[in-house]
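Just so you know, the protein sequences line up as chains A and B, in that order.
Start counting the first sequence at 85; every next residue gets the next number (my numbering).
Start counting the second sequence at 14; every next residue gets the next number (my numbering).
What follows is a single structure, written as structure tokens, with notes after it.
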Amino acid sequence: MRRRRILLVATVVALLEAACRVGLIDPNTMVPPSSMVVALAALLREEAIYTDMAQTFFAVGVSVVVATVAGFLLGILIHSFPRLRRAVAPILTSYYAIPVFAFYPGLAAVMGLGPGPIIITAIFNAVVSMIIATMDALDRFPRVLLKLAHMHHFSWWQRVIHLQLPAIASNLLPGIKLVVAYSFIGVIGSEFLMAAAGVGYKISYAYDNFNVPRMYGLMLLVIVVVVVINSLLSVPERWFAARALGRRAE
Amino acid sequence: MRLATASQMVAETATAEAHVECAALTRSFPAVNGTGELPVLGPISLSIRRGEFFSVIGPSGCGKSTFMDVLAGLTTPTGGTVRFEDKPVVGGTVPDGIGAVFQQDASLPWLSVWENIAFGLRRRGTDPVEIKRLVDYALGFMGLTPFAHAYPNQLSGGMRQRTCIARTLVMKPRLILLDEPFAALDAQTRLLMGDELLRLWRETNATVVLITHALDEAAMLSDRVGAMSARPGRFIELIETGWSRDRDSTIVSDPGYGALSSRLWSVLRKESMKALDHSLGTEKE
């Protein structure tokens, strides 16, 4: 399966390379993937890019941590009160129809062009996916394990740490992966719209100056980082999912 | 086989040392339509003797599992009292010395069999050397030693349930509550698991309360079988099986076993019909 997936991606990249090389795609629209790699390599030799990367990845990191923790706690809270859940369910399900970026210029006007409004926008963009993942995971938590917690005289906190978190981990990890993706979208998107530094700002700058290879090189950098983080998160996700499979198969 | 009517129950069992005592026990839940209470259990007055193997049978929805939850302290009775070793059982607090195995798979899929069995001991803060000794013994006792490092998803349903029993066993409970632990298993595995359960009961000298819908299982395993009525569940008859303590699954070929199973069904048939009428909404006003 994995080999087929790699083969599929390689085929698409090869077709894209060919389409760009023979002129099917306008070079002002897209450069060949090999040129993107060359541009990325050139970028990584520039000292200045590391300052932008540090700013962007710091903002993403803060957003991931805050959105994951806040989303998890809010998910537990909403799940604990069925009436509250019924009240907020329409907001949560239609949340991604709301353009969170619309609030970013307002935040930037109030807080300035620093990392603050970018991080807040990214958190708001990501937190709901964690809330939904947490509630969905808690719905799947076997009630018999609550009885087990009682039998072992667990406190609320021990129950969460020793039973609930490991039991729902395989359902939480996809939520964390979405938080990572939405945090990147929030940060890069905000920087692209209005910022003084950061990878998103550099993409915007290259775009405004028709520096297409550089723009795609920067986009490739973001893609590589996101894919690496998601692959790392897939390792524990697969471990927990493989063990949870037996219970469902019975 | 000896029968006791409801009026004789408390007086008869009071002669032996009572390990668990229920007095006028009732449990109700809020009605689904939101008006009033739905009585699901009782009133029940019953004594379970120390070291007894007591089975509870009854029609679906008669409150068997609720009865077990009340005995374990997992839920608070609406009325009446439960006493374990002469101390009151308060809902929400499971007394020390009570262990339970549930119908649903309660193995922890992220832990190996060894870690599953050690789970309660570790949380209790038992010395690691003692944990190893107890877990290794339980693994051997339940025939799980070759699977000590396997994960639950690599085991059959029966082996997973044995893991859960072993996890309860290592806590050295004096009262073991079993809520239909073999319900998901095939007939042959259930017979063999019944043998293991009897062996465990003899070895630990614990009092066992088994909730089951399988009349043959109750007939084979028990010292005494309590037959419950349709909802709200009350004990309508207590039946002494008269089996010796060293019994095993070979008693299914004993003529007394057939008579006992037949007797249990004749007691339960009317109640099961009532329960069916309840669920179909065809009961007579």
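The C-beta atom is built at its ideal place from N, Cα and C for all residues, glycine as well.
Because the structure is a prediction, the values reported are computed rather than measured.
| Query | Result |
| --- | --- |
| For A:V150, collect the residues of the same chain with a Cβ closer than 6 angstroms to its Cβ; drop the 5 residues on either side in sequence, then sort them by chain order. | I207 |
| Just list the alpha helix (DSSP H) runs in the region 154-224 of chain B, keeping only unbroken ones of 4 residues or longer that don't cross its boundaries, in chain order. | 170-182, 200-217 |
| Measuring only from the beta carbon, is A:S164 closer than 6 angstroms to any heavy atom that is part of the ligand COA? | This structure lacks the ligand COA, and indeed carries no ligand of any kind. |
| For B:C35 versus B:M241, is the C-beta distance shorter than 7 angstroms? | no |
| Helix, strand or coil, according to DSSP, for B:L251 in the structure here? | strand |
| Quick one: grab the DSSP three-state call for A:E131. | coil |
| Anything in the region 94-126 of chain B with a Cβ closer than 9 angstroms to a Cβ of chain A? List those residues in chain order, please. | G105, T106, V107, D109, I111, G112, A113, F115, Q116, Q117, D118, A119, S120, L121, P122, W123, L124 |
| Quick check on the burial criterion: 16 or more other C-beta atoms within 10 angstroms. Buried or exposed for A:S178? | exposed |
| Who are the neighbours of A:K261 on chain B, taking C-beta pairs under 8 angstroms? | Ordered by position in chain B, no residue passes the 8 angstroms Cβ test against A:K261, which lies about 19 angstroms from the chain. |
| Could you give the distance in angstroms between the alpha-carbon of A:A132 and the alpha-carbon of B:A163? | 52 angstroms |
| According to DSSP, is B:G93 part of a helix, a strand, or is it coil? | strand |
| In angstroms with no decimal places, state the Cα-to-Cα distance between A:V144 and B:T220. | 58 angstroms |
| Distance check for B:D261 and B:R175, CA to CA, integer angstroms please. | 18 angstroms |
| How many Å lie between B:A196 and A:V93 at the Cα? | 48 angstroms |
| By DSSP's criteria, B:T39 is part of a beta bridge. Which residues make up the other side? | B:G92 |
| Among the residues of its own chain, which have a CB less than 7 angstroms from the CB of A:I313, if the five just before and after it don't count? | V264 |
| For B:T79, which residues from the same chain have a beta carbon less than 8 angstroms from its beta carbon, with the 5 sequence-adjacent residues on both sides left out? | R40, V53, L54, T88, G246 |
| Hey, quick one: how far does the beta strand (DSSP E) through A:R224 stretch, first residue to last? | From DSSP, A:R224 is part of no beta strand (DSSP E) but of the alpha helix (DSSP H) over 199-224. |
| Mapping DSSP to helix, strand and coil, what is A:A154? | helix |
| Kindly list the residues whose CB is nearer than 6 angstroms to the CB of B:R96, restricted to its own chain and excluding five residues on each side of it in sequence; keep chain order. | E34 |
| For B:L11, return the contacting residues in chain A, with the cut-off set at a CB-CB distance below 7 angstroms. | Any answer about residue 11 of chain B is impossible in this case: the structure gives chain B only from 14 up to 298. |
| Below 7 angstroms between beta carbons: does that hold for B:V183 and B:L124? | no |
| B:L87 CB to nearest chain A CB: under 7 angstroms? | yes |
| What residues match up with B:E68 in a beta bridge as DSSP calls it? | The residue you asked about is not Glu; residue 68 of chain B is Ser in the sequence shown. B:S68 pairs with B:L223, B:V238. |
| What does a CB cutoff of less than 7 angstroms around A:R105 pick up in its chain, not counting 5 residues either side in sequence? | P116 |
| Less than 8 angstroms between the CB atoms is what I'm expecting for A:F276 and A:N112, so what's the real figure, rounded? | With a Cβ gap of about 19 angstroms, A:F276 and A:N112 do not count as contacting. |
| Do you know offhand how far B:M155's Cα is from A:I245's? | 29 angstroms |
| Does the beta carbon of A:L256 come closer than 7 angstroms to any beta carbon on chain B? | no |
| Name the one or two DSSP bridge partners that B:E34 has. | B:S60, B:R96 |
| Helix or strand or just coil, what does DSSP make of B:G112? | strand |
| Can you tell me whether B:E193 is buried or exposed, with buried defined as 16 or more other CB within 10 angstroms of its CB? | buried |
| Could you run through the region 128-159 of chain B and flag, in chain order, every residue whose CB is less than 8 angstroms away from some CB of chain C? | Although the question refers to chain C, the structure presented lacks it and instead comprises the protein chains A and B. |
| Return the residue from the list A:K261, A:A279, A:T218, A:M235 that minimises the CA-CA distance to A:L249. | A:T218 |
| I'd like the list of long-range same chain contacts for B:S20, defined as Cβ closer than 6 angstroms, with 5 residues on each side in sequence excluded. | Its pLDDT being 44, under 50, B:S20 is placed unreliably in this model, and the value from its coordinates should be taken loosely. There are no such residues. |
| Can you find at least 3 beta carbon pairs, one from the region 165-180 of chain B and one from the region 107-121 of chain B, that sit closer than 8 angstroms? | yes |
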